[in-house]
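Comments concern the structure below.
Number of protein chains: 2
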Amino acid sequence: MAKKASRPLVYVADKPDTGPAHAITQARIKAAAKRHPGIFNRVDIRYGLDPKDLSRAEIVLGVAFDPLTLKADAPNLKWIQSLNAGVEKLAPKLDRSFMLTNASGLHGPKGGEFGLTCMLVLNHAVQSFVGSQRERKWNPVFTTPIEGKTVVVAGTGGLGHAVAVQAKRHKMTVIGINTTGKKVPGFDRVVKAKDMAKVLPRADFFVVALPITKGTENLIDRTAIGHLPNHCGIVNLGRARVMDYGAMAERLRAGTLLGAVCDVFDPEPLPSGSPLWDVPNLIVSPHAGVDDGSVYVDRGLDIFADNLKRYLSGRKLKNLVNLDAGY
Amino acid sequence: MAKKASRPLVYVADKPDTGPAHAITQARIKAAAKRHPGIFNRVDIRYGLDPKDLSRAEIVLGVAFDPLTLKADAPNLKWIQSLNAGVEKLAPKLDRSFMLTNASGLHGPKGGEFGLTCMLVLNHAVQSFVGSQRERKWNPVFTTPIEGKTVVVAGTGGLGHAVAVQAKRHKMTVIGINTTGKKVPGFDRVVKAKDMAKVLPRADFFVVALPITKGTENLIDRTAIGHLPNHCGIVNLGRARVMDYGAMAERLRAGTLLGAVCDVFDPEPLPSGSPLWDVPNLIVSPHAGVDDGSVYVDRGLDIFADNLKRYLSGRKLKNLVNLDAGY
């Protein structure tokens, strides 16, 4: 297609080592352009990592790219669309004049199903069976259905909501935790984070779906973990640093929790020397739980297309990140 | 309560080593009598294993008890209610004058949920993660949602139906396999066992929920397993001998199947020297998948109460086993 100088330049920032599940390929952009006619042809899209293009870019689109910290690198840059939901590494380093939008909501369909999977795994003692299997031991545990049990979900955003929807399919009671205690559809009840001690003792399952921010760092601390009952199973799909894994591991080693599935660690990949690999009844999931291998980028490009339409007509963008809050 | 000679004697045959999940305790019988008033007081219930009682018994109620092979041991015996669904060890050895009823349907609520759990485990690569975890390796696999995928269920009885119901909650296509190809509610389509080669190549998941009978022994043979596509995950909740585990293990070792969760083995417990413990992407579940630890006996006693009412009024019993067919 012919380039017009008047069209805003979109710089696709993709790390060379991005896996196939996350690559913003030309084919995927073409497919997105077909799904959203009349939008992509109004911009000039440049692939690759040519610094010259970046210096002219008005918009940056990317997944897992290195922070653009200096306004000087991209003097024309106004808007960055990340295809990540968590932008904790990007947000604090950005010039405050940039608009940053994230891909919150993108993980819902897969992430909700993965959250349910983790609860069912714990409920039906898979963590116990795979532990026994390592030792060639036959240790039956006669579990009960998950229907009617209670899940407490910390975080009522896109991912937390998707977990609630899946839990409701299986007739669970779903209690949410968020900053303000504001009611959110899909949850039977929502409590303020500062009141979580009131509901944690009721958790048959405790699912963490929080971003990492100043407000959530170590929010699920030793005291909070201490409030969970002995039969509780823990699932962390959010970020590792919101939880005290040491306190969780102590309870797992003591046998005073049902088990845990953690999809997030700090750092990642989890170093081979980490003691977490061997904690009994802890399943280490390698941060693949919420990303959908087939449609991750496609869904992300749908979010981008919608925002691009808004941008070109001067309307407010969706998923705008508060750079100070970090989400 | 006063005993009347006229009341039929019910002999509760419980092995002394039956675990707490399966014990037909006096408390559980009392609770069942309350749930079903006017039935249990019309019989004389004897607990324990006194051979004198057995010799007078008209009805035997039990779970996992040794076969009563000789009519001479129980000259008055007419009806045996087993609290197992699979009665393959009992049926062939019984005098053909006995009526045998099983507990088919009892495993539905828990078994269906466990079947879904196994499919979700395989779909979201938990078998891969736990394998990598053993080696302290971080190997992300970006999976896709189970919604819209296809499960082929061999066996459309109580357990197979329950799996179909759960799969439908997640918008899967469900194809059943049974002897006659007769349509069964809950399945999108049912094919005859002899035509299964037509549908096996379409299976994203293949769930086996078959009893062991003359007709099902090695029904899922090397040829059938060969029809499954490379991305297929296998779940066996029925009986081990309906499937060629050797052929399945070969494909798992070759990496030409997604994985498998097997809840049944031959013999059980699986001997510590079995090569199956170490097959890659095979999760060994110790025959605890379909029994509900909290309500197994209670639900079984509900089946018994209904049948007892029928027996006392001379009506046909439910769940009557064809002693020659074995189910």
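So the protein sequences, as listed, match chains A and B.
Take the first sequence: its position 210, counted from the start at 1, is 210 in our numbering, and no numbers get skipped.
Take the second sequence: its position 120, counted from the start at 1, is 1120 in our numbering, and no numbers get skipped.
Ideal Cβ positions, reconstructed from N, Cα and C, are used throughout, including at glycine.
Since this is a predicted model, take the numbers as computed values, not measurements.
Segment contact, 8 Å Cβ cut-off, at least three pairs: the segment 1151–1163 of chain B with the segment 294–310 of chain A: Segments in contact, no.
B:V1252 and B:A1260 closer than 8 Å at C-beta: Counted from its first residue, the second sequence places residue 1252 of chain B at position 252. Counted from its first residue, the second sequence places residue 1260 of chain B at position 260. Residue 1252 of chain B is actually Leu in this sequence, not Val. The answer is yes: Cβ separation under 8 Å.
Counting only Cβ-Cβ distances shorter than 8 Å, please list the residues of the segment 1127–1158 of chain B near chain A, keeping chain order. Those residues of the segment 1127–1158 of chain B that come within reach of chain A (Cβ to Cβ, closer than 8 Å) are F1129, V1130, S1132, Q1133, R1134, R1136, K1137, W1138, N1139, P1140, V1141, F1142, T1143, T1144, P1145, I1146 and E1147.
Compute the distance between the beta-carbons of A:L83 and A:A57, then report whether it is under 8 Å. The sequence position of residue 83 of chain A within the first sequence is 83, counting from 1. The sequence position of residue 57 of chain A within the first sequence is 57, counting from 1. Taking 8 Å as the cut-off, the beta carbon of A:L83 is found no closer than this to the beta carbon of A:A57.
Contact with chain A by B:A1288, beta-carbon distance below 8 Å: In the second sequence, the residue the question calls residue 1288 of chain B occupies position 288. Yes, contact with chain A.
Would you grab the beta carbon distance between A:V264 and A:V235 for me? Rounded to a whole angstrom, and I think it's under 8 Å. Within the first sequence, residue 264 of chain A is the residue found at index 264, counting from 1. Within the first sequence, residue 235 of chain A is the residue found at index 235, counting from 1. About 10 Å separates the two Cβ atoms, so there is no contact after all.
Could you round the C-beta distance between B:T1144 and A:L120 to whole angstroms and report it? I think they count as a contact, below 8 Å. Here residue 1144 of chain B is taken as the residue at index 144 of the second sequence, counted from 1. Here residue 120 of chain A is taken as the residue at index 120 of the first sequence, counted from 1. So it is not a contact: roughly 18 Å between Cβ atoms.
Where A:E147 and B:V1297 are concerned, what is the direct C-alpha to C-alpha distance, given to the nearest angstrom? Walking along the first sequence from the start, residue 147 of chain A turns up at place 147. Walking along the second sequence from the start, residue 1297 of chain B turns up at place 297. So the alpha carbons of these two residues sit roughly 19 Å apart.
Distance, Cα to Cα, B:L1228 vs B:G1186? As a first step, residue 1228 of chain B must be located in the second sequence, where it is residue number 228. As a first step, residue 1186 of chain B must be located in the second sequence, where it is residue number 186. Distance from the CA atom of B:L1228 to the CA atom of B:G1186, rounded to whole angstroms, is 23 Å.
Taking the CB atoms as reference points, tell me whether A:D14 and A:I24 lie closer together than 8 Å. Stepping through the first sequence from its first residue, residue 14 of chain A is reached at position 14. Stepping through the first sequence from its first residue, residue 24 of chain A is reached at position 24. Against a cut-off of 8 Å, the Cβ pair of A:I24 and A:D14 comes out as a contact.
Start and end of the alpha helix (DSSP H) containing A:K192? Working through the first sequence from its first residue, we reach residue 192 of chain A at position 192. Looking at the DSSP string, A:K192 is not in any alpha helix (DSSP H); the run it does join, the beta strand (DSSP E), is R189 to K192.
Note down, in chain order, each residue of its chain lying with its Cβ closer than 6 Å to the Cβ of A:K316, except the 5 sequence neighbours on either side. For the purposes of this step, residue 316 of chain A is taken as residue 316 along the first sequence, with counting starting at 1. Contacts found: none.
Contact between the segment 1083–1095 of chain B and the segment 1191–1199 of chain B is defined here as three or more beta-carbon pairs at a separation below 8 Å; is this criterion met? Touching, no.
Between which two residues does the alpha helix (DSSP H) carrying A:G38 extend? Along the first sequence, read from residue 1 onward, the residue named residue 38 of chain A stands at position 38. In the DSSP annotation of this structure, A:G38 is not part of any alpha helix (DSSP H), being labelled neither H nor E.
Please name the residues in the segment 227–241 of chain A whose beta-carbon is closer than 7 Å to at least one beta-carbon of chain B, in chain order. Listed in chain order, the positions of the segment 227–241 of chain A with a beta carbon within less than 7 Å of a beta carbon of chain B would be empty, since no residue qualifies.
Quick one: is A:F205 near chain B, going by C-beta distance under 8 Å? As a working note, residue 205 of chain A is residue 205 in the first sequence. When Cβ-Cβ separations below 8 Å define contact, A:F205 makes no contact with chain B.
Does the beta carbon of A:V284 sit closer than 8 Å to a beta carbon anywhere in chain B? By one-based count along the first sequence, residue 284 of chain A stands at place 284. True, the Cβ-Cβ gap to chain B drops below 8 Å.
Considering just the uninterrupted stretch of the beta strand (DSSP E) at B:M1099, what are its terminal residues? Counted from its first residue, the second sequence places residue 1099 of chain B at position 99. Its beta strand (DSSP E) spans residues M1099 to T1101.
Same chain only: Cβ atoms within 7 Å of B:H1022, ignoring 5 sequence neighbours per side: As a first step, residue 1022 of chain B is located in the second sequence; it is residue number 22 there, counting from the start. Scanning its chain for C-beta atoms nearer than 7 Å, with the 5 sequence neighbours on each side dropped, one finds around B:H1022 the residues V1063, A1064, Y1296 and V1297, in chain order.
Using a Cβ-Cβ cut-off of less than 8 Å, list which residues of the segment 1105–1123 of chain B approach chain A; keep chain order. Hits within the stretch, in order: P1109, K1110, E1113, F1114, L1116, T1117, L1120, V1121 and N1123.
Since A:N236 sits in a beta bridge, which residues does DSSP pair it with? The residue given as residue 236 of chain A occupies position 236 in the first sequence. In DSSP, A:N236 forms a bridge with A:V208 and A:C262.
Grab me the residues of A:L219's own chain with a C-beta within less than 6 Å of its C-beta, minus the 5 sequence neighbours each way, in chain order. If you number the first sequence from 1, residue 219 of chain A lands on position 219. Taking C-beta separations shorter than 6 Å and ignoring five residues to either side along the sequence, the partners of A:L219 in its chain run V242, following chain order.
Is B:G1131 helix, strand or coil by DSSP? For the purposes of this step, residue 1131 of chain B is taken as residue 131 along the second sequence, with counting starting at 1. Residue state, collapsed to three classes: helix.
Leaving out the 5 sequence neighbours to the left and right, which residues in its chain are closer than 8 Å to A:S132 when beta-carbon positions are compared? Walking along the first sequence from the start, residue 132 of chain A turns up at place 132. Listed in chain order, the non-local C-beta contacts of A:S132 below 8 Å within the same chain comprise W138 and N139, local neighbours out to five positions each way being set aside.
8 Å Cβ cutoff, A:S272 in contact with chain B: For the purposes of this step, residue 272 of chain A is identified with residue 272 of the first sequence, where counting begins at 1. Chain B contact via Cβ: present.
With distances taken from CA atoms, which of B:V1290, B:Y1327 and B:D1324 is nearest A:V141? By one-based count along the first sequence, residue 141 of chain A stands at place 141. From the listed residues B:V1290, B:Y1327 and B:D1324, the smallest Cα separation to A:V141 is found for B:V1290.
Quick one: is A:D291 near chain B, going by C-beta distance under 8 Å? To locate residue 291 of chain A, count along the first sequence from 1; it is residue 291. Interface residue, yes.
By the three-class DSSP mapping on this structure, what secondary structure does A:I29 have? To locate residue 29 of chain A, count along the first sequence from 1; it is residue 29. In the structure shown, A:I29 sits in a helix (DSSP, three-state: H, G or I).
Let me check understanding here. Comparing Cα to Cα, which of A:R46, A:G181, A:T179 and A:A164 lies closest to A:T173? For the purposes of this step, residue 173 of chain A is identified with residue 173 of the first sequence, where counting begins at 1. Cα-wise, what sits closest to A:T173 is A:A164.
Bounding residues of the beta strand (DSSP E) (the contiguous stretch that carries A:Y245): As a first step, residue 245 of chain A is located in the first sequence; it is residue number 245 there, counting from the start. It is not in any beta strand (DSSP E) - A:Y245 instead sits in the alpha helix (DSSP H) that spans Y245 to A254.
Take A:L258 as the anchor and find which of A:Y327, A:F206, A:R42 and A:D266 has the nearest alpha-carbon. Working through the first sequence from its first residue, we reach residue 258 of chain A at position 258. Nearest Cα to A:L258 within the set A:Y327, A:F206, A:R42 and A:D266: A:F206.
Tell me the DSSP secondary structure of A:A23 in three-state form. The residue given as residue 23 of chain A occupies position 23 in the first sequence. Looking at A:A23 - three-state DSSP - the assignment turns out to be coil, as it is neither helix nor strand.
Have a look at B:A1033, B:K1214 and B:Q1026 and flag the residue whose alpha-carbon is nearest the alpha-carbon of B:D1330. The structure shown does not extend to residue 1330 of chain B, since chain B is modelled only from 1001 to 1327, so the question has no answer here.
Inter-residue Cα distance where the pair is B:V1010 and B:G1273: The residue given as residue 1010 of chain B occupies position 10 in the second sequence. The residue given as residue 1273 of chain B occupies position 273 in the second sequence. The alpha-carbon atoms of B:V1010 and B:G1273 are separated by roughly 42 Å.
Could you work out which residue in A:S285, A:D278 and A:R189 is closest to A:R332 when comparing CA atoms only? With chain A running from 1 to 327 in the structure shown, residue 332 of chain A is simply not present.
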